Amino acid sequence: MSPHITKGTCVWVKEIVKGSPEAFVQGTVAEFVAGKGYTVVLADGTERLVREVDCAPANPEGLTAPDNCHLIHISEAAILMNLRSRFADKRIYTYTGEILVALNPFELLPIYGVESMGAYPNKALGLAEPHAYAMAEEAFRTFLATSLSQSLVVSGESGAGKTETNKHLMHYLAWRSKSEHVGNDLAETIIAVNPILESFGNAKTSRNNNSSRFGKFVKISVRERAVGVARPGAVLGA
20 MSPHITKGTC VWVKEIVKGS PEAFVQGTVA EFVAGKGYTV VLADGTERLV
70 REVDCAPANP EGLTAPDNCH LIHISEAAIL MNLRSRFADK RIYTYTGEIL
120 VALNPFELLP IYGVESMGAY PNKALGLAEP HAYAMAEEAF RTFLATSLSQ
170 SLVVSGESGA GKTETNKHLM HYLAWRSKSE HVGNDLAETI IAVNPILESF
220 GNAKTSRNNN SSRFGKFVKI SVRERAVGVA RPGAVLGA
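Just so we're aligned, residue 20 is where the sequence shown starts under my numbering, counting upward by one.
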């Protein structure tokens, strides 16, 4: 790493204690020895010799950002700490550029519904609080501007919240299109197809009852251009 991290800088280093729940621990650089690495003093006063590639500067205490790319120092440890700090404040969504990272809170938060949706129409990504609604809005606006199909990829391990995220995306698109007569129950109807999908080989896991063995593809048809009094962007079905 060049230039070298200066003496007295607060840094993150990989945790090497077996069984520790932490992936990284914080310490302070005591010195740098060429060819060996950094001597780091940990919070408990112990010293540890750390390879140069395993030592990363920490951001100022209390600093968080809605986009990981906006952090002063960017590293695996810094990103994990930013996500942890935001999650502790019930802010489960964080951007990494144009990617939205979602942490499943395993509880119902008051950040969904029409009142929350109202903060996102016609706003570019990053101008409002990170949210699944913001991603749906970006796809919707881009579709209207280009008349080209848009894709939203939702990925994660079993229990990460993929099914719920898809519901929020579809609810927003139905609301945004002003096609309530088509879209009110659109998301619920699609999700209700899950039992049929399960019968074709998917199975519940120890973490949830939804299909987690295979990918799902949901196609939502949207009106490309105005027809009579019907405006472009209206959801036609799925």
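Even glycine gets a Cβ: it sits at the ideal position worked out from N, Cα and C.
Remember, predicted model here, so these are calculated numbers, not experimental data.
Under the three-state reduction of DSSP, which class applies to E126: helix, strand or coil?
-> DSSP places E126 in coil when its eight states are reduced to three.
Would you mind sorting C16 into buried or exposed? The rule is 16 or more other CB atoms within 10 Å of its CB.
-> One cannot answer for residue 16 here, as it falls past the ends of the chain, which runs 20 to 257.
Assigned secondary structure, R110 (DSSP; H/G/I helix, E/B strand, else coil) = Coil.
Could you give the distance in angstroms between the alpha-carbon of D86 and the alpha-carbon of A138?
-> Roughly 18 Å between the two C-alpha positions.
How many angstroms separate the CA atom of L146 from the CA atom of A84?
-> Their backbone Cα atoms lie some 13 Å apart in a straight line.
Roughly how many whole angstroms lie between the Cα atoms of E277 and E71?
-> Limits of the chain in this structure are 20 at one end and 257 at the other, which puts residue 277 out of reach.
Within this structure, are the beta carbons of L102 and A155 separated by less than 8 Å?
-> In this structure, A155 does not lie closer than 8 Å to L102 by Cβ.
Check whether the Cβ atoms of V48 and K33 sit closer than 8 Å, and answer yes or no.
-> No.
Roughly how many whole angstroms lie between the Cα atoms of S174 and Y191?
-> If I take the Cα positions, the gap works out to 19 Å.
Just the C-alpha distance for I130 and P149, rounded to the nearest angstrom, thanks.
-> Taken atom to atom, the span from the alpha-carbon of I130 to that of P149 is near 11 Å.
With DSSP run on the structure shown, which of helix, strand or coil describes R62?
-> Just to set this straight, residue 62 is Ala in the shown sequence, not Arg. Coil, per DSSP.
Cα-Cα, which of Y114, F236, P79 and P140 is closest to N185?
-> Of the listed residues, the one whose Cα sits closest to N185 is F236.
Taking the continuous alpha helix (DSSP H) assigned at A155, which residues delimit it?
-> That run of the alpha helix (DSSP H) goes A151 to T165.
Local Cβ density within 10 Å of E176, reported as buried at 16 or more and exposed below that | That one is exposed.
Give the DSSP-derived three-state secondary structure of T182 in the structure shown.
-> T182 carries a helical assignment under DSSP once its states are collapsed to helix, strand and coil.
Under a three-way DSSP split, which group does V72 fall into?
-> Here V72 sits in helix by DSSP.
F168 classed as buried or exposed, judged by whether at least 16 other C-beta atoms fall within 10 angstroms = The sequence as given places Ser at residue 168; Phe does not occur at that position. Flag for S168 reads exposed.
What number of angstroms, rounded off, separates the C-alpha of Q45 from the C-alpha of G234?
-> Answer to the nearest angstrom: the Cα atoms are 39 Å apart.
Any idea what DSSP makes of E134, helix, strand or coil?
-> Residue state, collapsed to three classes: helix.
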